[in-house]
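So for the sequence shown, my numbering puts the first residue at 1153; every next one is plus one.
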Amino acid sequence: EAFGEHREEVAQIWVTFANWSDKNERQSIRSSIFQCHECQVVPVVNENDVVSSEEIKLMEEGISENDQLARMVAELINADAILFLTAAGGICEEDPSLNHNARTYAEIDPKTAATIASFPSIISSSSTGGIGAKIREAMICVHKGMRVAIAGMGPDVITRFAMGDLVGTAIGTSVKFQ
């Protein structure tokens, strides 16, 4: 519906762990994404978690949550940039649910980001999801040379990021607060 408001067509691409373990299937996913781009269709990639119990076990070893899937897709298509979205609006110096006055970083260096990702309040009991997962996957993308940000879901944040604007928290070389 959100894309429809902007008269953008979308195509759903469902993937599983088994797809990622097979070179030909990974190439098929990559080709599908680029075909969508050529046809001016927005590809929406999501894990196909409505599958057999065996596939779900395999997924737990591979694609365990959407931040990891986003990073895997970004690597697959050799993306220049990746944006992770969060309700928090970016990376905060402390858990904002524990400290409502916690400041949000405008930019954060990898060392500080890794420290924040290791905070006990950041790590979920399943070790997937949340800001910790976003930071872990963002760090992999940074090391692959991508421009990376973790931002909130505000108006035009995706478009602004795509245009090169700073949104949320950029993973960079310095530490600055918003």
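Ideal placement from N, C-alpha and C gives every residue a C-beta, glycine not left out.
query, result
"For a quick check, are the C-beta atoms of V1167 and I1181 less than 7 Å apart?", "yes"
"Tell me whether A1170 sits in a helix, a strand or coil according to DSSP, three-state version.", "helix"
"In whole angstroms, give me the CA-to-CA distance for A1303 and A1285.", "14 Å"
"Comparing C-alpha positions only, which one of D1261, V1196, A1222, P1307 sits nearest to A1231?", "A1222"
"How is the alpha helix (DSSP H) around R1312 delimited, first residue to last?", "1309 to 1314"
"Hey, how far is the Cα of S1279 from the Cα of E1289?", "With a pLDDT of 44 at S1279, under the threshold of 50, the modelled position of this residue cannot be trusted, and the question is left open."
"Go through its chain and collect everything with a Cβ distance to G1334's Cβ below 8 Å, but skip five positions before and after it.", "Not covered by the structure: residue 1334. The range shown for the chain is 1153 to 1330."
"Can you tell me the Cα-Cα spacing of A1163 and Q1330, whole angstroms?", "36 Å"
"By a C-beta neighbour count over all protein chains shown, 10 Å radius and 16 as the cutoff for buried, is M1315 buried or exposed?", "exposed"
"For A1322, I'd like the list of residues in its chain whose CB is within less than 8 Å of its CB, leaving aside the five on either flank, ordered along the chain.", "A1258, E1259, I1260, R1299, V1300, A1301"
"What does the Cβ neighbour count give for L1235, buried or exposed, with the cut at 16 atoms within 10 Å?", "buried"
"For the beta strand (DSSP E) containing A1258, list its first residue and its last residue.", "1257 to 1260"
"Apart from the five residues on each side of it in sequence, which residues of its chain come closer than 6 Å, Cβ to Cβ, to R1255?", "E1245, F1329"
"Buried or exposed, going by whether 16 or more other CB atoms sit within 10 Å of the CB of Q1187?", "exposed"
"Identify which residue in Q1179, E1190, N1218, M1224 has its Cα closest to the Cα of G1282.", "N1218"
"Under a three-way DSSP split, which group does N1198 fall into?", "strand"
"Return the Cβ separation of I1165 and V1197 in integer angstroms, given the expectation that the two are a contact with Cβ distance under 8 Å.", "5 Å"
"Taking only the alpha-carbon atoms, compute the straight-line gap between V1294 and E1160 and give it to the nearest angstrom.", "29 Å"
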